[in-house]
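Numbering (this note's numbering), first residue to last: 2 to 111. C-beta: ideal position from N, C-alpha, C; glycine also.
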Amino acid sequence: MLRFTSHDDLSRLAETDPAYPLIREAIQTFSHPEYNPEEEGFVVLIEPVDVHRPFWGDHWLHTMPWESIQYQDGYFRAVFIPNNDFSLVVLIPDASWVNGTLREVIEENL
Numbered sequence: 002m003l004r005f006t007s008h009d010d011l012s013r014l015a016e017t018d019p020a021y022p023l024i025r026e027a028i029q030t031f032s033h034p035e036y037n038p039e040e041e042g043f044v045v046l047i048e049p050v051d052v053h054r055p056f057w058g059d060h061w062l063h064t065m066p067w068e069s070i071q072y073q074d075g076y077f078r079a080v081f082i083p084n085n086d087f088s089l090v091v092l093i094p095d096a097s098w099v100n101g102t103l104r105e106v107i108e109e110n111l
């Protein structure tokens, strides 16, 4: 799981990475002078290993109470809002390793 809280964090990805423009766009929703990622949220890019471990507290990706999931440019863009102040934008690649229960949950929420 790669976590992005600012435009500076984008330097961890090549500009040619297909997720780059999606992450850049999502980060802009968090941009303001008093932004605190621990209190307001951030953007997450899911990697294959993340499917096999808890994602948020006791929740795995396939048990998350997603607010919404949309398909955008080869990624599932999922939103999790645990409270009125905090939100996560989660980008899950549309890849072969996204299968089983996780794929079913994504498709049910599209």
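If residue i sits next to residue j, beta carbons under 8 angstroms apart, how far is it from one beta carbon to the other, in whole angstroms?
i: Leu92; j: Phe43; result: At roughly 12 angstroms, the Cβ-Cβ gap does not stay under 8 angstroms, so Leu92 and Phe43 are not in contact.
i: Ile47; j: Ile107; result: 11 angstroms between Cβ atoms; not a contact.
i: Phe1; j: Glu40; result: Nothing can be reported for residue 1: it is not among the residues displayed for the chain, which extend from 2 to 111.
Report the residue from the options whose alpha carbon sits nearest the alpha carbon of residue i.
i: His33; options: Arg104, Pro66, Glu109 and Ser7; result: Ser7
i: His60; options: Tyr72, Phe81, Phe77 and Leu46; result: Phe81
i: Trp67; options: Ile28, Asp95 and Phe56; result: Phe56
i: Phe31; options: Val45, Val99, Pro19 and Asp18; result: Val45
i: Gly75; options: Phe87, Asn85 and Asp95; result: Asp95
i: Pro83; options: Leu14, Met65 and Glu26; result: Met65
i: His63; options: Ile28, Asn85, Val99 and Gln29; result: Val99
i: Ala20; options: Glu109, Arg104 and Gln73; result: Gln73
i: Ile24; options: Ala15, Leu11 and Thr17; result: Leu11
Counting along the chain, where does the alpha helix (DSSP H) carrying residue i start and finish?
i: Arg25; result: Tyr21 to Gln29
i: Val106; result: Gly101 to Asn110
i: Pro38; result: Pro38 to Glu41
Beta strand (DSSP E) containing residue i: first to last residue?
i: Pro94; result: Ser88 to Pro94
i: Val80; result: Tyr76 to Phe81
i: Ser97; result: Careful: Ser97 lies outside any beta strand (DSSP E) and carries neither H nor E.
According to DSSP, which residues form a beta bridge with residue i?
i: Phe5; result: Val44
i: Trp57; result: His60
i: Ser69; result: Val80
| At least 3 beta-carbon pairs within less than 8 angstroms: the region 50–63 vs the region 23–42 | no
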